[in-house]
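To start, the structure itself, in C-alpha cells.
Residue numbers (the UniProt record's numbering): 1 to 280.
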C-alpha cells in the first residue's frame with residue numbers, strides 16, 4: 001500500500017484503533033485498523049452506502065476480543081476519504097481498493113487467515129470481492145447485502161435527476177438511538193443519490209448475478225426479517241445466484257436493516273464469531 005502516513009492513534013472506549021491513508025484507485029483513502037498483537041485471523045470490514053467505517057466500532061471491538069486484527073476503509077467519496085460525496089462510477093474500483101487493504105493486512109500478518117465482512121452496499125462489494133479474490137479468503141459474511149434485486153435503483157434511475165429520498169433513521173434498528181446517532185453524524189451523507197452511483201449499482205448487481213458461484217468458500221448470510229431498506233425478498237435471489245457449497249443463513253425476526261446495531265446485536269455477533277471459528 002503506497003503513500004501511508006500515520007495520522008494518529010485514538011483512544012476509544014472499546015478497542016484501540018489507528019488511522020492512516022493510502023492512494024486508492026481514484027484518490028486518497030482513509031483506512032482504520034483495530035490492531036491485535038497475535039491475531040488468529042484478520043477481519044476486513046466493508047461499510048455501506050453513505051456511511052463510514054467509524055460506525056463499526058462495536059463490531060470491531062467484538063472481533064478484536066475474539067482474536068482478530070480488524071481493518072476497514074472509508075470508500076471513495078465516503079467518510080474521511082477523498083472524492084465527490086457518495087460518487088462511485090465503478091464498484092470494481094472499490095473492490096480493488098479493498099484488495100489493497102487485504103494486501104496491507106497480509107503484509108502485517110503473514111499467513112493469518114482473512115475473513116471479509118460486508119454490510120448493505122458493503123455486502124454487494126464483498127460478494128463481488130469474493131468472486132474476484134475468494135480463493136484467498138477463509139470466510140465471507142454478508143449482512144443485509146444489496147444483491148439480487150434492489151428496487152430503489154430502477155425507481156430512482158427512472159428520473160433524469162434522482163429525487164432526494166431521505167432514509168428514515170427508524171428503519172436502521174429497533175434501538176432508536178442508532179438512528180438518532182446516524183442522523184446527527186456529520187460523516188454520514190444525508191443527501192440524494194448521485195445518478196452515476198445508481199448506474200454503478202445497476203451494473204454491479206448484474207455483474208455479480210453472472211459472475212459465478214463461490215464454490216467451497218464458507219459464507220454466512222445474516223439479514224433482518226423486517227429490513228425495509230434492503231428487503232429480504234430482494235436479496236434472496238442474489239444470494240441464491242452466487243452461493244457455493246458452504247452457505248449458512250441466519251434471518252432475525254423483527255430485526256431491521258443494521259443487524260450489527262440491533263437490540264439483538266450480541267446474538268448476531270455471536271453467530272458471526274461462531275461461524276468464523278468453524279471456518280478457520
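Cβ coordinates follow ideal geometry from the N, Cα and C atoms, glycine included.
Contact between residue 60 and residue 126 is absent: CB atoms are separated by about 16 Å, not below the 8 Å threshold. Within the same chain, 75, 76, 88 and 125 come within 7 Å of residue 94 by CB-CB distance, once the 5 residues on both sides are set aside.
According to DSSP, residue pairing for residue 41 in a beta bridge involves 68. For residue 29, the three-state secondary structure derived from DSSP is strand. With 16 or more other Cβ atoms inside 10 Å of its own Cβ, residue 115 counts as buried.
Note on geometry: alpha-carbon atoms of residue 195 and residue 86 lie some 10 Å from one another.
Between residue 147 and residue 235 a beta carbon distance of about 5 Å is seen, short of the 8 Å cut, so the two are scored as contacting. Sequence-distant partners of residue 174 (beyond 5 residues in either direction) whose C-beta falls short of 8 Å from its own C-beta, in its chain, are 254, 255, 256, 262 and 263.
When the five nearest sequence neighbours on each side are left out, the beta carbons in the same chain lying within less than 6 Å of the beta carbon of residue 223 are those of 144, 232 and 251, in order along the chain. If the five residues before and after residue 238 are omitted, its C-beta is found closer than 6 Å to the C-beta atoms of 147 and 148, all from its own chain and listed in chain order.
Exclusion of the five residues before and after residue 67 leaves 36, 39, 40 and 41 as the residues of its chain whose Cβ lies within less than 8 Å of its Cβ.
Under DSSP, the beta-bridge partners assigned to residue 143 are 119 and 222.
In this structure, the beta-carbon distance from residue 166 to residue 190 falls below 8 Å.
A distance below 7 Å between beta-carbons, with the five flanking residues on each side excluded, links residue 84 to the following residues of its chain, in chain order: 77.
Residue 128 and residue 209 have their C-alpha atoms some 10 Å from each other. Residue 112 carries a coil assignment under DSSP once its states are collapsed to helix, strand and coil.
The residues 162 and 164, in chain order, have a CB closer than 6 Å to that of residue 192 in the same chain once the five nearest residues on each side in sequence are set aside. By the neighbour-count definition (other C-beta atoms within 10 Å, threshold 16), residue 135 is an exposed residue. Secondary structure of residue 242 (DSSP, three-state): helix. For residue 250, the enclosing beta strand (DSSP E) has its first and last residue at 247-252.
Judged by DSSP in its simplified three-state form, residue 46 adopts strand. Here the alpha carbons of residue 169 and residue 270 stand approximately 25 Å from one another.
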